[in-house]
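Just below is one structure, and these are the notes that go with it.
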Amino acid sequence: MDPSGLKLNFWENGPKPGQFYSFPGSSLTPGCGPIKHTLNPMVTGTSVLGVKFTGGVIIAADMLGSYGSLARFRNISRLMKVNDSTILGASGDYADYQYMKQIIEQMVIDEELLGDGHSYSPKAIHSWLTRVMYNRRSKMNPLWNTVVIGGFYNDERWLEFSNLAVCLGLFSVRLFFVSMQPLMREVVENKVEITKDEARALIERCLKVLYYRDARSYNRHEIAIVTKEGVEIVGPMSCETNWEIAHMVSGFE
Amino acid sequence: HVGSKLDDGVGYDLSASTFSPDGRVFQVEYAMKAVENSSTAIGIRCKDGVVFGVEKLILSKLYEQGSNKRIFNVDRHVGMAVAGLLADARSLSEVAREEASNFRSNYGHNIPLKYLSERVAMYVHAYTLYSAVRPFGCSFILGSYDQDDGPQLYMVDPSGISFGYWGCAIGKAKQAAKTEIEKLQMKDMTCRELVKEVAKIIYIVHDEVKDKAFELELSWVGEVTNGKHELVPKDIRVEAEKYAKVCTTTTSLLHGISVTWVQNNSTFKVFFPHFMVTN
Chain A
1 MDPSGLKLNF WENGPKPGQF YSFPGSSLTP GCGPIKHTLN PMVTGTSVLG
51 VKFTGGVIIA ADMLGSYGSL ARFRNISRLM KVNDSTILGA SGDYADYQYM
101 KQIIEQMVID EELLGDGHSY SPKAIHSWLT RVMYNRRSKM NPLWNTVVIG
151 GFYNDERWLE FSNLAVCLGL FSVRLFFVSM QPLMREVVEN KVEITKDEAR
201 ALIERCLKVL YYRDARSYNR HEIAIVTKEG VEIVGPMSCE TNWEIAHMVS
251 GFE
Chain B
1001 HVGSKLDDGV GYDLSASTFS PDGRVFQVEY AMKAVENSST AIGIRCKDGV
1051 VFGVEKLILS KLYEQGSNKR IFNVDRHVGM AVAGLLADAR SLSEVAREEA
1101 SNFRSNYGHN IPLKYLSERV AMYVHAYTLY SAVRPFGCSF ILGSYDQDDG
1151 PQLYMVDPSG ISFGYWGCAI GKAKQAAKTE IEKLQMKDMT CRELVKEVAK
1201 IIYIVHDEVK DKAFELELSW VGEVTNGKHE LVPKDIRVEA EKYAKVCTTT
1251 TSLLHGISVT WVQNNSTFKV FFPHFMVTN
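Protein chains in written order, with our numbering: chain A, 1 to 253; chain B, 1001 to 1279.
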């Protein structure tokens, strides 16, 4: 209040210039500085698909970073090669994935430097990442991702996922978008093993259907294949799509 | 030491924070003596890479082959060969690794060797300023290869000085090694040619009388390894050692030495000059 008695509070209980204002509806402690937890993901990636085949594992993801409903970044890679026996694909917040990628890359370099011939196994990476994500979740500052880790180590295939709610999967087919399950089951069920070509065909079919049906997907994707020979990341590629029936769908225009 | 003691016997050499009347810091010089007691390590830069060679003396037959490595990886594209107190060198290699890792975290690319050697040299120098700590008793040679600067070679010594080199040597036979290095035209050589020459120099400067068995540790980084620092593959190393042995026995034959030692897993064979040595 000014000494001359003029009323200087132009509004009561509103934002005070220079002070942190917590908007109505936000939960936690208001007015104590910038929020340092990821409460909402910003730029996100959609599904990641994974399939085991004889002699290796395939993981696939499209190359879109969505900003809500805006298809904002259309050429980002959501797959990474960890080392010669492990690959990783992430969905969810892309900034958290980039942070994770930097940390994992430096970890792999630090291990290579020791020069003792050992490298991280897919199981080790999965275990470590799960612990990290659980700890962050428990501090209410999660890494907002679901991560699929695939690998081929000591002649054994590995395909598991890990996310902010931390489920350790038990099936051999890892996927994020549940609608793909029937398609995948059709090919994988009743068979002990599928070949690499079958697996690749299955993945590409699933990617195509996801592009048709997932409102946050894009028709450019990458595929990562890990086998005894090492890791190969193929892409960017696109699917052939057929929209002929579109005009027959009511409300599609 | 003349000049390191006052008349009453208290020395100028007791701590690194004391100068002597003639302007020397004796502790740092003593640290360099520690380096000179260790076996030789050399590094040479050629037009497409850097090659390191270390004469690793085997002090006991019980050591596993390849143990007590004297060449470290500091980063994917940087290697470090050391001479002196090995424990000090190991701790400095960790410091160097951290520097390289922090640089990548801050700037997003591989650390150029100029900055890495500057920072590690500054760290080494800090330990020459205080009486509470002793200087590091090791010198090391850093070598790297990257797309922007090409091959780079730097040497850091216990005083905290670092210079860039085309070729350098540290350890007990450094003078002899330097002489041999100066004979090479390294700017025109490739890594593959240089590996053989490095092996030859180590064999030449190795003193068979005073020191017995030794293991040759060879590593390189350059276009030939796609910029990754690694130990030279076994077949190339064996070929280089063969070349080195032939050259050194030829040299000693030419010098009229009547006894040639050929080392084969610590059994010694004696040959007289009129027999050709084939191995």
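Backbone N, C-alpha and C fix where the C-beta goes; we use that ideal spot for every residue, glycine too.
DSSP state of residue i mapped onto helix, strand, coil
i                : result
S1139 of chain B : strand
Q102 of chain A  : helix
V1095 of chain B : helix
K1173 of chain B : According to the sequence as given, residue 1173 of chain B is Ala; it is not Lys. Looking at A1173 of chain B - three-state DSSP - the assignment turns out to be coil, as it is neither helix nor strand.
L1129 of chain B : coil
N145 of chain A  : strand
T1018 of chain B : coil
L1113 of chain B : helix
V1120 of chain B : helix
M237 of chain A  : strand
C167 of chain A  : Legend: pLDDT at C167 of chain A = 40, less than 50; position of this residue unreliable, value from coordinates given subsequently. It is coil, neither helix nor strand.
Y153 of chain A  : strand
I87 of chain A   : strand
R1104 of chain B : helix
R74 of chain A   : coil
Environment of residue i [buried if 16+ CB atoms lie within 10 Å]
i                : result
P1135 of chain B : buried
A1244 of chain B : buried
W243 of chain A  : exposed
A246 of chain A  : exposed
G313 of chain A  : Any property of residue 313 of chain A remains undetermined from this structure, which presents chain A solely from 1 to 253.
V1045 of chain B : This sequence places Arg at residue 1045 of chain B; Val is not what is there. When all chains shown are included, R1045 of chain B counts as buried.
L159 of chain A  : buried
K1061 of chain B : exposed
V142 of chain A  : The amino acid occupying residue 142 of chain A in the given sequence is Pro; Val does not appear at that position. When all chains shown are included, P142 of chain A counts as buried.
Y67 of chain A   : exposed
K1056 of chain B : buried
T1250 of chain B : exposed
E1182 of chain B : exposed
Y99 of chain A   : exposed
S250 of chain A  : exposed
L114 of chain A  : exposed
H1109 of chain B : exposed
S1105 of chain B : exposed
K228 of chain A  : exposed
E1099 of chain B : buried
G230 of chain A  : exposed
F1163 of chain B : exposed
E186 of chain A  : exposed
I225 of chain A  : buried
S217 of chain A  : buried
F1019 of chain B : exposed
A61 of chain A   : buried
For residue i: DSSP bridge partner residues
i                : result
N1073 of chain B : B:G1079
P1151 of chain B : B:Y1145
E112 of chain A  : DSSP output for E112 of chain A lists no bridge partner at all.
T44 of chain A   : A:S66 and A:D93
I1044 of chain B : B:V1051 and B:G1167
V57 of chain A   : A:K52 and A:V226
R1090 of chain B : For R1090 of chain B, which the question treats as bridged, DSSP gives no partner whatsoever.
S162 of chain A  : A:V147
S1162 of chain B : B:V1156
G1084 of chain B : B:C1138
Proximal residues of chain D, C-beta to C-beta of residue i below 7 Å
i               : result
G115 of chain A : Here the protein chains are A and B, and chain D is not one of them.
Where the beta strand (DSSP E) containing residue i begins and where it ends
i                : result
M1032 of chain B : M1032 of chain B -> not in any beta strand (DSSP E); alpha helix (DSSP H) instead, spanning F1026 to E1036.
L79 of chain A   : L79 to N83
Limits of the alpha helix (DSSP H) - the one that residue i falls within
i                : result
I245 of chain A  : Here I245 of chain A belongs to no alpha helix (DSSP H), and DSSP marks it neither H nor E.
S1060 of chain B : Looking at the DSSP string, S1060 of chain B is not in any alpha helix (DSSP H), and its letter there is neither H nor E.
S1039 of chain B : It is not in any alpha helix (DSSP H) - S1039 of chain B carries neither H nor E in the DSSP assignment.
L129 of chain A  : P122 to S138
Tell me the start and end of each unbroken alpha helix (DSSP H) in the stretch 1177-1247 of chain B that is at least 4 residues and wholly inside, in chain order. 1191-1205
Every unbroken beta strand (DSSP E) within the stretch 187-222 of chain A, with a cutoff of 3 residues, ordered by chain: none
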